[in-house]
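Presented below is the structure to which this report refers.
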Amino acid sequence: MTTAAIAEGSGKGHRDENFPVASAIIAARHRPVVMAFYRVARMADDVADHADLLPKEKLRQLALIADSLTGAADGVPAAVHLRGQLAARGLSNTHILDLLEAFRRDAVKSRYADWEELMDYCRYSAAPVGRFMLDVHGEAPTTWPASDALCAALQVINHLQDCGKDYREIDRVYVPLDALTRAGVAVETLGADAASPALQGVIHDLAGRTADLLALSRRLSGATRDTRLALEIGVIQTIAEALTRRLKARDPLAERVTLSPLDALVAASLGAGGVLAGRLMGRQTPLSAA
């Protein structure tokens, strides 16, 4: 496969993501398959967001990736590599194929009617990543609902951080249209240099709904058997909560709402420390028993 979209890519790597990808916390034996998954996801994301490709061509390229994942073809080396990594570990390709559904939607869809439609998108754009990581570590499927909530929260955080950029650069709006309508806000205002008070209210309300998702995911680290993965989840949870608090108070059109390196380190330390303290005190609780 030699098309420009995949050959060029975005230049973005795993260290450029908002949240850890295959960080040093994850056991080294798991990193090859995690990175193989990430590379295919990054490739597909670059196709879906490519500014110069028509939807039909995006869908064609995503189909080529899917064929190399299922074994119907071998045209995309990164996908063939992931297929081998999954097979060697007895893991299903379900999660990466689910993720491709989100990128197919991105190729043809640019607006979301309401929160429920956005959450359905997150079921494919975010949840498969968490479920894949849990499967890699041999965790029980009973952890999936809490993981889904965490992953959906991470996705919405990213959507809110980039709501202005997404609109200006690729005319994509993840802010639910009904929320904008209720506030009397036109979609076009997402292209402004600063959000109006009404648009800020919409963003802050969505951040509040994100906080509700994070409340559902808070017990995930304690239900995760693998200590390294639990630490990673604890770090991500705490960083996500810190970002959500900022999104509830700031304007992502006027500034990049993120954490400073020091703030991120403090949040990560608190998250990891909380998980370790819970383990030492015997607070590991399977979600199935809740």
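Residue numbers (the numbering used here): 173 to 462. The beta-carbon is built from N, C-alpha and C at its ideal position, and this holds for glycine as well. Values in this document were obtained by computation on a predicted structure and should not be read as measured data.
- L386 sits close to A412, with the two beta carbons spaced by under 8 Å.
- Shown here, D286 sits in coil according to DSSP, grouped into three states, outside any helix or strand.
- Between K420 and G380, the C-beta spacing is below 8 Å.
- Taken in chain order, the complete alpha helix (DSSP H) segments of 4 or more residues contained in the segment 312-362 are 316-333, 335-342 and 349-354.
- Proximity of the segment 384-403 to the segment 337-344 falls short of the contact definition, fewer than three beta-carbon pairs being nearer than 8 Å.
- Within the same chain, and ignoring the five residues on either side of F209 in sequence, the residues whose Cβ sits closer than 7 Å to its Cβ are L254, I268 and F304.
- Taking E288 as reference, the option from R391, E273, A439 and T382 with the minimal CA-CA separation is T382.
- Close CB contacts of D307 within its chain, under the 8 Å cut and outside five residues either way in sequence, are with L263, S264 and H267 (chain order).
- According to the DSSP assignment, M305 belongs to the alpha helix (DSSP H) that extends over A299 to V308.
- Counting along the chain, the unbroken alpha helix (DSSP H) around I375 starts and ends at P369 to S389.
- For V345 against L332, the beta-carbon gap comes to about 12 Å, at or over 8 Å, which does not count as contact.
- In the structure shown, the three-state DSSP call for H222 is coil.
- Within the segment 226-257, the complete alpha helix (DSSP H) segments of 4 residues or longer fall at 227-242, listed in chain order.
- The segment 320-334 and the segment 352-370 do not touch, with fewer than three beta-carbon pairs separated by less than 8 Å.
- Taking a C-beta distance under 8 Å as the contact criterion, Y296 and L290 do not qualify as a contact pair.
- Using a Cβ distance threshold of 8 Å, V429 and R417 do not count as a contacting pair.
- Spanning the alpha carbons of A367 and H222 requires a straight line of approximately 27 Å.
- Per the coordinates, the alpha-carbon of P300 lies some 26 Å from the alpha-carbon of D377.
- The alpha-carbon of P348 is positioned some 11 Å away from that of S282.
- L437 is not a Cβ neighbour of D365, given a cutoff of 8 Å.
- For S393, the three-state secondary structure derived from DSSP is helix.
- When rounded, the separation of the alpha-carbon atoms in D384 and D286 is 17 Å.
- A straight line joining the alpha-carbon of M215 with that of I197 spans about 24 Å.
- With 16 or more other CB atoms across the displayed protein chains lying within 10 angstroms of its CB, D278 is buried.
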